[in-house]
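A short worksheet on the structure shown next.
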Amino acid sequence: MYDTIIIGAGPAGLTASIYLQRAGKTALALEAMAVGGQIRNTPEIENYPAIAKISGMQYSDDLAEQAKALGATIKRENVKSVQLVGDVKTVVTRNATYQAKSVIIAVGAKSRELGVEKEEDLFGCGVSYCAICDGAFFAGKAVAVSGGGNTAIDDALFLAERCSKVYLVHRRSEFRAEQIKVEQLKSKSNVELVLGYTVDALEGEDCLQGVVVKDKQGGTRRLDVSGLFVAIGKIPNTDMFQGQIDMDDQGYVVAGEDCKTNVDGVWVAGDCRAKRIRQLTTAVADGTVAALGAVEYVRG
Ligand SMILES: Cc1cc2nc3c(=O)[nH]c(=O)nc-3n(C[C@H](O)[C@H](O)[C@H](O)COP(=O)(O)OP(=O)(O)OC[C@H]3O[C@@H](n4cnc5c(N)ncnc54)[C@H](O)[C@@H]3O)c2cc1C
């Protein structure tokens, strides 16, 4: 019986693990893939306080090492199901069944992809899923944003401050985003709305050199850009919690700044929590808050 089981060893889960170890609790972190989460494959991080520049892989390894040095147990196991209600929580993987007094859900989210050829190859050298994270690498250059919701508009506004030109490619002629933001965007002289088009092809071998967009009639247009920001949504990895815990209509676990869910003894941390900003800093903040909440709960 562990004090706490952490599901997911990304930045949120690993931070929770650090705090639980330092509080003298028995904690088990279960991770389906390599430790570090989404950030692991990012070539460069430049917005983490006190670390001017670091690769995603190095950041992930350092964080995991820090947790392990404090005695953290991290197992590479994919959690298949959970039973969260009651004093004893059960977490089932393919290999084993674990029990704990409390659980921290830190399963993160994945970016929705366009599904066009070369998207994966050009990720990290032109294709990005995070404008706040990668926008600075395209300062003074022309870029495109794909999407029509609030995130796409926010990304385009953010990029318009740094880039020479921003094309916003959206498959419809209207936006799902708030009208006030759309108007803001329309007032930018370096923004061009490319409406009724979808991204059809990516050009470039090692790095992105252009994007071909296509309309419903099959007409195409080439955008001379070195960056493409895909902002068509994220999918939280929360399917297995469906029906056991409060979630919003997009599948994010509902909890306030205290990271406490509606189920006693269960916390949620990081990108899978319903919130507005999803960054490393907010993920590690959630990990801290969730862990300290769990420590208090276990203490009784
Ligand atoms: C391309 C890209 C670049 C980014 N760059 C930056 C940046 O420069 N700066 C910044 O601040 N933020 C950046 N971000 C955002 C940042 O990566 C996330 O905010 C952060 O990783 C969230 O951490 P997390 O721990 O909540 O979730 P995640 O990083 O998603 O980690 C969740 C972990 O849970 C695991 N998991 C999921 N389901 C299960 C299961 N069933 N069983 C076991 N384990 C499971 C996953 O494998 C994953 O390792 C970037 C994101 C992307 C996609």
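Heads up: the sequence shown begins at 0 in numbering that gives the first Met the number 0, then just goes up one per residue. In this text, a Cβ means the ideal position worked out from N, Cα and C, and glycines have one as well. This structure is a prediction, so every number in the text was calculated from the model and none was measured.
Pairing Leu156 with Val193 gives a Cβ-Cβ distance that is not under 8 Å. Judged by DSSP in its simplified three-state form, Arg220 adopts strand. Contact between the stretch 216-233 and the stretch 131-148 is present: 3 or more CB-CB pairs across the two stretches fall below 8 Å. A direct Cα-to-Cα measurement between Leu184 and Asn94 gives close to 51 Å. Distance from the C-beta of Tyr47 to the nearest heavy atom of ligand 1 is below 7 Å. For the pair Arg171 and Gln178, the Cα-to-Cα distance works out to about 15 Å. DSSP places Gly209 within a strand segment (E or B) once states are collapsed to three.
The C-beta of Gln37 has 16 or more other C-beta atoms within 10 Å across all chains shown, which makes the residue buried. Only exposed fits Gln241, as fewer than 16 other CB atoms lie within 10 angstroms of its CB. For Glu30, DSSP records a beta bridge to Arg75. Only exposed fits Ala68, as fewer than 16 other CB atoms lie within 10 angstroms of its CB.
In this model, Ile231 and Ala176 are separated by some 12 Å (Cα to Cα). Here Val211 is near Glu202, since their CB atoms are less than 8 Å apart.
With a minimum length of 4 residues, the unbroken runs of alpha helix (DSSP H) contained wholly in the stretch 74-144 fall at 130-133.
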